[in-house]
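Take a look at the structure below.
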Amino acid sequence: MNAKPHAIASIEQRLDSIQTVLEQHGMEPDKFIDTFHDLANEHWIPENGARLVARAWSDPEFKQRLLGDGTAAIQEMGLSMPPHHRHFVVLENTADIHNVICCTLCSCTAFTIIGLPPDWYKDLEYRARVVRESRTVLQEMGLDLPAHVQIRVWDTTADTRYMVLPQRPTGTENLNAEQLAALVNKDALIGVAHL
Amino acid sequence: MDGMHDLGGKEGFGPVRHSKNAAVFHADWEIRANALYSLAVKCGVYNMDEYRHAIERMEPRHYLSASYYERSLTALASLCVEKGLVTREQLEQLAHGSYPLALPSAPGRSNHPQRKTFLPGDLVRVRDEHVPGHMRMPGYLRGKCGVVISKSPLYPFPDAHGHGIHAEDEPTYDVRFEASHVWPNDAENAQIHAAIFESYLELNK
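Chains as they are written, first to last, in numbering that gives the first Met the number 0: chain Z, 0 to 194; chain S, 0 to 204.
Here is the structure:
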């Protein structure tokens with residue numbers, strides 16, 4: 000037999016083969032893939048964070064609890080994080096301070112609360128640039144901040160996870176919690192968009 | 000390790016490829032890759048630090064050219080081989096082709112022997128250390144000074160946890176840095192917060 004090197008297997012072939020290995024070790028991957036679809040599409044969604052934001056906007060005492068001890072406050076709302084995320088920190092945007100979240104080393108997020116990270120968040124450009132050129136990056140993404148606003152970039156370098164509490168849009172005084180939550184999206188919870 | 004993954008502050012990248020309501024997954028295999036690496040964590044094949052380190056150990060050309068979920072898959076497969084669930088040859092036979100994996104790991108380490116507790120307001124410096132194994136100190140903060148804002152609950156120490164070495168759990172500190180100090184003369188004005196493990200810090204006297 001000659002030792003001719005094989006071409007690299009396709010990504011799907013590589014994935015199928017590892018799925019077979021997990022199957023052989025009794026981990027029931029087919030079953031978990033279905034479960035994971037359900038978690039990703041139905042449970043780990045930005046609507047969770049949106050509910051927290053809407054309540055914080057309309058309930059000052061809850062807002063204080065959320066900013067003081069996010070990990071405890073989300074439990075009041077029936078939300079939780081995976082066991083290895085031990086600390087949930089909420090960052091309040093104001094007229095003078097704008098918070099934005101990133102993970103320069105990989106892709107860490109509070110995914111059970113704000114949803115799994117979008118493609119651009121995991122991409123090389125965002126990870127490399129947002130810590131060093133935050134104002135320009137935000138501007139390129141459509142968020143033009145006034146010069147006086149202090150930008151705070153939060154690099155998720157451990158299992159403390161963050162969510163931005165966006166500013167409440169003006170003209171929303173008469174909206175109920177459900178209507179307020181509907182205004183909030185994943186980009187605002189990461190801090191790359193205003194509402 | 001000073002790996003290709005450590006991207007914070009690297010220059011030369013173009014605009015973020017951002018779109019409103021951007022997708023998380025772009026193909027069914029991507030969600031399957033995410034499910035399978037999570038399943039392996041759930042089943043105790045490896046922990047998240049080992050998983051992150053396996054991604055970091057990908058050959059740099061492969062790391063940069065692979066999509067996010069190809070990196071996930073490569074880490075999963077590498078750890079299944081390293082943990083003895085399958086051999087590389089068996090994997091390549093199953094996949095009908097060669098199967099690029101992460102490169103071998105350098106040794107890890109336990110907590111820093113001079114580890115100290117800090118208080119909010121303390122001026123601290125990130126130790127000027129180069130660690131060949133896994134760590135969660137982004138290179139752009141190495142040797143840089145900041146101020147402690149708060150302390151977190153205890154976490155497994157990544158430098159040990161990523162290598163199956165015993166260590167005491169440690170808190171991280173929320174430390175605030177000024178971008179203008181991190182990259183003098185070549186950064187936009189901003190405050191950078193990072194969660195820095197206790198072992199990585201020393202008092203800035």
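Backbone N, C-alpha and C fix where the C-beta goes; we use that ideal spot for every residue, glycine too.
The model shown is predicted, which means the values in this text are computed figures rather than measured ones.
- Judged by DSSP secondary structure, Z/I100 falls within the beta strand (DSSP E) whose first and last residues are I96 to C101.
- In the displayed model, S/S37 falls within a helix according to three-state DSSP.
- For Z/T159, the CB contacts under 7 Å within the same chain, skipping 5 residues up- and downstream, are H86 and V88 in chain order.
- Assignment of beta strand (DSSP E) within the region 158-199 of chain S, counting only whole runs of 3 or more residues, yields 169-177 and 190-196 in chain order.
- DSSP, read as helix, strand or coil, puts S/M47 in helix.
- Of the candidates Z/P82, Z/P145, Z/E132 and Z/L174, the residue whose Cα lies closest to the Cα of Z/C101 is Z/E132.
- Less than 8 Å divides the Cβ of S/L200 from the Cβ of S/Y172.
- For the region 84-117 of chain S, the set of positions with a beta-carbon nearer than 9 Å to some beta-carbon of chain Z reads L84, V85, Q89, L90, E91, Q92, L93, A94, H95, G96, S97, Y98 and P99 in chain order.
- Taking the Cα of S/G7 as reference, the smallest distance to any Cα among Z/T156, Z/D143 and Z/D95 is reached at Z/T156.
- The beta-carbon of Z/Q166 is placed no less than 8 Å from the nearest beta-carbon of chain S.
- Contact annotation: in the region 13-34 of chain Z, residues whose CB is within less than 7 Å of a CB in chain S are R13, L14, S16, I17, Q18, T19, V20, L21, H24, M26, P28, F31 and I32.
- In the DSSP annotation of this structure, the continuous segment of the beta strand (DSSP E) that includes S/V125 starts and ends at L122 to V125.
- Only exposed fits S/E10, as fewer than 16 other CB atoms lie within 10 angstroms of its CB.
- Remark: C-beta atoms of S/F156 and S/F117 do not approach each other more closely than 8 Å.
- Using a Cβ-Cβ cut-off of 8 Å, S/P14 counts as an interface residue toward chain Z, since at least one Cβ of chain Z sits closer than that to its own.
- Restricting attention to S/R70, S/R124, S/M0 and S/S97, the CA atom closest to the CA of Z/A6 is found in S/S97.
- Using a 10 angstroms sphere on the CB of S/A193, the tally of other CB atoms reaches 16 or more, which defines it as buried.
- Against S/F196, the close residues of chain Z are T156 and A157, in the order they occur along the chain (beta-carbon pairs closer than 9 Å).
- S/C144 has S/R124 as its beta-bridge partners, per DSSP.
- The beta carbon of S/N20 sits closer than 8 Å to some beta carbon of chain Z.
- The region 166-183 of chain Z and the region 123-138 of chain Z do not touch, with fewer than three beta-carbon pairs separated by less than 8 Å.
- At least one CB atom of chain S sits nearer than 8 Å to the CB of Z/P116.
- Contact with chain Z is absent for S/S77, since none of that chain's Cβ atoms lies less than 8 Å from the residue's Cβ.
- Secondary structure at Z/L90: strand, using DSSP grouped into helix, strand and coil.
- Spatial neighbours of Z/R134 in its own chain (CB-CB distance under 7 Å, excluding positions within 5 residues in sequence) are listed in chain order as L144 and I150.
- Residue contact with chain Z for S/G7: present (Cβ-Cβ distance below 8 Å to some residue of chain Z).
- Residues of the same chain with a CB within less than 8 Å of the CB of Z/E22, apart from the 5 flanking positions on each side, are P28 and D29 in chain order.
- Residue-level contact check: Z/N92 does not touch chain S, since none of the beta carbons of chain S fall below 8 Å from its beta carbon.
- If you look at Z/R54, you'll find it in the alpha helix (DSSP H) that goes P45 to S57.
- Contact between the region 147-161 of chain S and the region 106-117 of chain Z is absent: fewer than 3 CB-CB pairs across the two stretches fall below 8 Å.
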